[in-house]
Amino acid sequence: FRLLGDGLHLLGMLALAYGLVKYKNAKTVSVRSLELYMLVYVARYNDLLWYGLSHSPSMYNNIYKVVFISLTLFCVGYIRTQLPTNYADKDWAYAFIIPAVVMALLL
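Residue numbers (our numbering): -13 to 93.
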């Protein structure tokens, strides 16, 4: 089930990146949510920074961690730089992000 889940997740992320580039439209995408996903991935996968790619028991895990972070970073960067006026940027409260970051790093 893990391989299927990872594969579907990767397929969805690739479809998002492809759709952003092909249609040059991000009106249905929340860039803030993507930023939060990126924050979650960096917080969850920070073992890559401490242990590197060679000390993990599974190269598969490392590859997927790097791919998830990279694709999310690409989507956020592409929306912010190439489609800056083309995404839904409603009034968003950032007040909950700082406690969420602290909790993510502590847990």
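Idealized CB from N, CA, C, for every residue including glycine.
Item	Value
CB of A1 within 7 Å of CB of F60, strictly	no
Contacting residues, own chain, Cβ-Cβ under 7 Å from Y27 (five flanking each side not counted)	F54, I55, T58
Residue from V62, Y37, L(-3) whose Cα sits closest to the Cα of L20	V62
Any non-hydrogen atom of the ligand GTP closer than 6 Å to L93 Cβ	In the structure shown, the ligand GTP is absent, as is every other ligand, since no ligand is present at all.
Span separating the alpha-carbon of R(-12) from that of N11	32 Å
Residue from T14, A29, L(-4), V15 whose Cα sits closest to the Cα of A86	A29
CB of I65 within 7 Å of CB of V7, strictly	no
Runs of alpha helix (DSSP H) lying entirely within the segment 0 to 36, each at least 4 residues, in chain order	17 to 30
Assumed close pair D(-8), Y31 - CB separation to whole angstroms, cut-off 8 Å	Not confirmed; about 13 Å, so no contact.
Same chain only: Cβ atoms within 6 Å of M95, ignoring 5 sequence neighbours per side	Missing from the structure shown is residue 95; the chain here goes from -13 to 93 and no further.
CA-to-CA distance, N48 to Y37, given in whole angstroms	11 Å
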